[in-house]
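**Student:** All letters in the sequence shown, in the order written, are residues 35 to 479 by the working numbering.
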Amino acid sequence: MSVAREPIGVIGTGYVGLVTAAGFAELGSDVWCVDIDADKIARLQAGEVPIYEPGLKELLARNVERLHFSTDLATALEHARLLFVAVGTPPTYSGDADLSAVHAVVDAIPAASDRALVMKSTVPCGTGASLLRVFGEQGKDALGYVSCPEFLKEGSAVNDFLHPDRVVVGDHGDWAGDAVTALYAPLDAPLVRTDIASAEMVKLASNAFLATKISFINEIANVCEETGADVVEVARGMGLDDRIGAKFLQAGIGFGGSCFPKDVDALKQLAGNSGYHFQLLTAVIEVNELQKRRVIGKLHKHLGGLAGKRIALLGLAFKPNTDDMREASSLVLSARLHADGATITAYDPVAEEQARKLVTGITFAGSPLEAVRGADAAVLVTEWRELVELDWKLVAEAMSGRLLIDGRNALDPETVRAGGLLYEGIGRKALEARPSEASLSGGPT
Ligand code: UGA
Numbered sequence: 035m036s037v038a039r040e041p042i043g044v045i046g047t048g049y050v051g052l053v054t055a056a057g058f059a060e061l062g063s064d065v066w067c068v069d070i071d072a073d074k075i076a077r078l079q080a081g082e083v084p085i086y087e088p089g090l091k092e093l094l095a096r097n098v099e100r101l102h103f104s105t106d107l108a109t110a111l112e113h114a115r116l117l118f119v120a121v122g123t124p125p126t127y128s129g130d131a132d133l134s135a136v137h138a139v140v141d142a143i144p145a146a147s148d149r150a151l152v153m154k155s156t157v158p159c160g161t162g163a164s165l166l167r168v169f170g171e172q173g174k175d176a177l178g179y180v181s182c183p184e185f186l187k188e189g190s191a192v193n194d195f196l197h198p199d200r201v202v203v204g205d206h207g208d209w210a211g212d213a214v215t216a217l218y219a220p221l222d223a224p225l226v227r228t229d230i231a232s233a234e235m236v237k238l239a240s241n242a243f244l245a246t247k248i249s250f251i252n253e254i255a256n257v258c259e260e261t262g263a264d265v266v267e268v269a270r271g272m273g274l275d276d277r278i279g280a281k282f283l284q285a286g287i288g289f290g291g292s293c294f295p296k297d298v299d300a301l302k303q304l305a306g307n308s309g310y311h312f313q314l315l316t317a318v319i320e321v322n323e324l325q326k327r328r329v330i331g332k333l334h335k336h337l338g339g340l341a342g343k344r345i346a347l348l349g350l351a352f353k354p355n356t357d358d359m360r361e362a363s364s365l366v367l368s369a370r371l372h373a374d375g376a377t378i379t380a381y382d383p384v385a386e387e388q389a390r391k392l393v394t395g396i397t398f399a400g401s402p403l404e405a406v407r408g409a410d411a412a413v414l415v416t417e418w419r420e421l422v423e424l425d426w427k428l429v430a431e432a433m434s435g436r437l438l439i440d441g442r443n444a445l446d447p448e449t450v451r452a453g454g455l456l457y458e459g460i461g462r463k464a465l466e467a468r469p470s471e472a473s474l475s476g477g478p479t
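1) Quick one: grab the DSSP three-state call for E458.
2) If you follow the alpha helix (DSSP H) that D73 is in, where does it begin and where does it stop?
3) What do you reckon, is the C-beta of E112 under 6 Å from a heavy atom of ligand 1?
4) Nearest by alpha-carbon distance to L324: which of Q313, L304, S249 is it?
5) Just how far apart, CA to CA, sit A464 and K391?
6) Helix or strand or just coil, what does DSSP make of G273?
7) For T416, does the three-state DSSP call read helix, strand or coil?
8) Counting pairs of Cβ atoms below 8 Å between the segment 338 to 351 and the segment 312 to 320, do you hit three or more?
9) Under 7 Å between the Cβ atoms of L371 and I345?
10) With DSSP as the reference, please indicate the residues paired to S181 in a beta bridge.
11) Could you tell me whether the segment 192 to 212 touches the segment 250 to 267, using the rule of 3 or more Cβ pairs below 8 Å?
12) Have a look at the DSSP bridge pairing and note the partners of Y381.
13) Would the segment 47 to 57 and the segment 143 to 157 be scored as touching if the rule is three or more Cβ pairs under 8 Å?
14) Please report the residue range of the alpha helix (DSSP H) in which C159 lies.
15) Cβ of L61 versus every heavy atom of ligand 1: is any distance shorter than 6 Å?
16) Could you tell me the distance, in whole angstroms, from the CA atom of T126 to the CA atom of T356?
17) How do the segment 126 to 138 and the segment 92 to 108 stand: do at least 3 beta-carbon pairs fall below 8 Å, yes or no?
18) Using a Cβ-Cβ cutoff of less than 6 Å, which residues in the same chain neighbour V429 once the five nearest sequence positions on both sides are dropped?
19) Is it buried or exposed for T47, if we count other Cβ within 10 angstroms and need 16 for buried?
20) Since G89 and V68 should fall inside the 8 Å C-beta cutoff, what is the C-beta to C-beta distance between them, to a whole number of angstroms?
21) My guess is that A300 and P158 are in contact by the Cβ rule of under 8 Å, so how many angstroms apart are they, rounded?
22) Distance, Cα to Cα, L217 vs G291?
23) So does Q284 have its beta carbon nearer than 6 Å to some heavy atom of ligand 1?
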């Protein structure tokens, strides 16, 4: 016999909010979702899922009876004690996180409410303490507060929710923290129950560390290019050390997305605001910016000038299995190519709609082969499985040049070469196309 689960409210129906809502509904809670975007709520009420996230549509559909969508916060306040806050906290011009959406939620909660806010949005360390002060100023002393940072990855968010590496609950040891802990109990994940400031810092420090790992391996890749080592082999050798670990050692054209760039900036800014200069993070950001431009140098090396050259971009999203284009390396790459006078054709399995809103000067193709037709060079920008498994012989036949840049080190150089292409990765030796087939267009190699 199933035990009734605590109903919850979820404020904000973006990636984090929707996955949290669907995940807790799957665990048996009634979930009252609220968003100020009426159009989005209407779509959700009609059974549409406004974002692309594998498995989310199915999870929402399976739990449709327990999921309620509204633009009115009162519905959530009426049914739930715990209000999970999953609103956007984008960076401001100063690099601080913009907490206006969080404050709007606090302002909308009536005085004397005995509910608790459970913070899922990524916020600077100290936000919980300052919100508790605001509660006091607004006569909302009965309102509880829990920091419960989210660690899901786009593209595998549903799985990450249901199988977390850890659950972090930061609170004052009161009913709200106990209730949040109980909600996560069925997932059987290691629990870090701690104070609010530490929970907030776990989130920022985790993202900053992962970003640092990526910038580190990207710098190693750049040194590999100078020294003849292969970064893929180097990462394999390093990753087998348990203390280092194999994950997030994939060199490439830089990290993007809505989280790493923003959170690294926010932590650097947070440290700066309190008088500490976080030098390491300054370098992490700079290395990443340069890394996004690395492909341009490689194209120049092989093709000479890029004016009038036709370049195919394979993949645009900031990583596979998502349509998210925020801070995608493809944005910098396409803008640079455009500025250099290249003609750009691009294909992405799902991100085209989002990309159209952000980039200009790109012709979108309906298939990878259409994108590479007549191209002087092709660049693998996002390692979608469909792109990694392309038939490189067909690609070579469709292109007019022979250069394939693997921006994610996701391809087997020999396979690409066997297809008749010149393979150039990041931090690995370039592999010439077979001599009989080599005919690079546009200049010296
Ligand atoms: C990241 C974290 O991994 C999550 O734990 C966290 O919850 C989330 O941010 C967040 O704060 O909301 P996400 O942005 O979805 O998740 O994407 P990741 O899979 O971490 O990839 C981020 C970027 O790093 C991508 O552009 C990816 O291509 C790049 N990356 C990742 C590398 O260049 N090399 C690697 O080895 C791994």
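No residue lacks a Cβ here, since even glycine has one placed at the ideal position from N, Cα and C.
Just so it is clear, the structure is predicted and the values come from calculations on it, not from any experiment.
**Tutor:** Result, derived from the coordinates:
1) Reading the sequence shown from its first residue, position 424 is the one you call residue 458. Reduced to three states, the DSSP call for E458 is strand.
2) To locate residue 73, count along the sequence shown from 1; it is residue 39. Element bounds for D73: 72 to 79.
3) Indexing the sequence shown from 1 puts residue 112 at position 78. Answer for E112: no, Cβ out of range of ligand 1.
4) Taking the sequence shown and counting its residues from 1, the one referred to as residue 324 is at position 290. When each option's Cα is compared against that of L324, the closest is S249.
5) Position 430 of the sequence shown, counting from 1, holds the residue named residue 464. Position 357 of the sequence shown, counting from 1, holds the residue named residue 391. Approximately 35 Å, taken between the alpha carbons.
6) In the sequence shown, residue 273 corresponds to position 239, counting from 1. In the structure shown, G273 sits in a helix (DSSP, three-state: H, G or I).
7) Mapped onto the sequence shown, residue 416 falls at position 382. DSSP places T416 in coil when its eight states are reduced to three.
8) no
9) Working through the sequence shown from its first residue, we reach residue 371 at position 337. Working through the sequence shown from its first residue, we reach residue 345 at position 311. A contact, by the Cβ cut-off of 7 Å.
10) Residue mapping note: residue 181 aligns to position 147 of the sequence shown, counting from 1. Under DSSP, the beta-bridge partners assigned to S181 are M153, G204.
11) no
12) Looking up residue 381 in the sequence shown gives position 347. DSSP, once it has assigned bridges, lists L348 as partnering Y381.
13) They touch, by the three-pair rule.
14) Counted from its first residue, the sequence shown places residue 159 at position 125. It is not in any alpha helix (DSSP H) - C159 carries neither H nor E in the DSSP assignment.
15) In the sequence shown, counting from the first residue as 1, residue 61 sits at position 27. No - ligand 1 has no heavy atom lying nearer than 6 Å to the Cβ of L61.
16) Counting from 1 along the sequence shown, the entry for residue 126 is found at position 92. Counting from 1 along the sequence shown, the entry for residue 356 is found at position 322. Roughly 25 Å between the two C-alpha positions.
17) no
18) As a working note, residue 429 is residue 395 in the sequence shown. A distance below 6 Å between beta-carbons, with the five flanking residues on each side excluded, links V429 to the following residues of its chain, in chain order: V406.
19) Along the sequence shown, one-based indexing puts residue 47 at 13. Classification of T47: buried, given that the 10 Å Cβ count is 16 or more.
20) As a first step, residue 89 is located in the sequence shown; it is residue number 55 there, counting from the start. As a first step, residue 68 is located in the sequence shown; it is residue number 34 there, counting from the start. In fact, because the Cβ distance is near 23 Å, the residues do not count as touching under 8 Å.
21) Position 266 of the sequence shown, counted from the start, is the residue given in the question as residue 300. Position 124 of the sequence shown, counted from the start, is the residue given in the question as residue 158. Indeed, because the Cβ distance is near 6 Å, the residues count as touching under 8 Å.
22) To locate residue 217, count along the sequence shown from 1; it is residue 183. To locate residue 291, count along the sequence shown from 1; it is residue 257. Distance between the alpha carbons of L217 and G291 is about 29 Å.
23) On the sequence shown, position 250 is the one that residue 284 refers to. Yes, the Cβ of Q284 comes within 6 Å of a heavy atom of ligand 1.
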